[in-house]
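Residues 170 to 233, numbered by the working numbering, are exactly what the sequence shown covers, in order. Even glycine gets a Cβ: it sits at the ideal position worked out from N, Cα and C. Here the structure is laid out as structure tokens; the discussion comes afterwards.
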Amino acid sequence: MNINDYKMIVVDNAAEHKDQITCTIFIMDEENTNVLYTEGFHVKTKEDRDTYAEKVKWRFLRCI
């Protein structure tokens, strides 16, 4: 399995606080469009968001 078999979407939630960004990540099966994993998280910058999303992606791949 590789990440190309899945679609990963990171959404910045509308309710942002002054010092943090609230996000939700979804990992979906491309073939059946099922949501396989979802997680909410808070970060301070968009770079932190991208770094965290990359960690979640690899953690997900290790579990399947």
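Check	Outcome
What are the residues that DSSP puts in a beta bridge with Glu-223?	Paired residues: none, contrary to the question.
Looking only at C-alpha atoms, which of Asp-188, Glu-216 and Arg-231 sits nearest to Val-179?	Glu-216
Give the secondary structure of Glu-199 by DSSP, where H, G and I count as helix, E and B as strand, and everything else as coil.	coil
To the nearest angstrom, how far is the alpha carbon of His-211 from that of Gln-189?	6 Å
Hey, could you find the ends of the beta strand (DSSP E) Lys-176 is sitting in?	175 to 181
Quick one: residues in its chain with C-beta nearer than 6 Å to the C-beta of Met-197, no 5 flanking neighbours on either side, listed in chain order?	Lys-176 and Val-204
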